[in-house]
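When the letters of the sequence shown are read in order and numbered with the UniProt record's numbering, they come out as residues 1 to 89.
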Amino acid sequence: MPPVATKVLTAHIPLPLAEKVDQMAARLERPRGWIVKQALSAWIDQEDERSRLTREAMDDVDAGRVIDHQTVQAWADSLNTLEPLPAPR
């Protein structure tokens with residue numbers, strides 16, 4: 001497999017966070033850069049998923065697939081009772 005092209009990024013990191021990165025690198029016996037790449041990749045994946053879910057939710061709204069607030073509130077209020085309502089659909 002050919003090597004992946006890379007680019008150096010520079011960021012000012014608060015000292016407590018940098019110390020945690022160093023501690024994690026030592027504990028995992030990995031370079032600091034590896035820790036940063038793992039964290040950045042995980043964050044980007046999380047943000048991509050959040051964006052996808054937001055677009056999906058907006059599509060539901062546009063299509064009228066919504067549940068009104070009063071129905072959701074009544075369901076939530078019923079959860080602390082002996083006879084909770086079924087989840088709204």
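We put the beta carbon where it would ideally sit given N, CA and C, even for glycine.
Cβ-based neighbour list, residue i, same chain, cut-off 6 Å, excluding 5 preceding and 5 following
i: Ile35; result: Val21, Met24 and Ala25
i: Asp45; result: none
Within 8 Å, strictly: CB atoms of residue i and residue j
i: Pro88; j: Thr71; result: yes
i: Asp59; j: Val66; result: no
7 Å CB neighbourhood of residue i in its chain, flanking five on each side removed
i: Leu79; result: none
i: Met1; result: none
Closest residue to residue i among the options (Cα-Cα distance)
i: Ala11; options: Pro3, Asp48 and Leu40; result: Leu40
i: Leu9; options: Gly33, Ala63 and Glu19; result: Gly33
For residue i, three-class secondary structure by DSSP
i: His12; result: coil
i: Leu28; result: helix
i: Met1; result: coil
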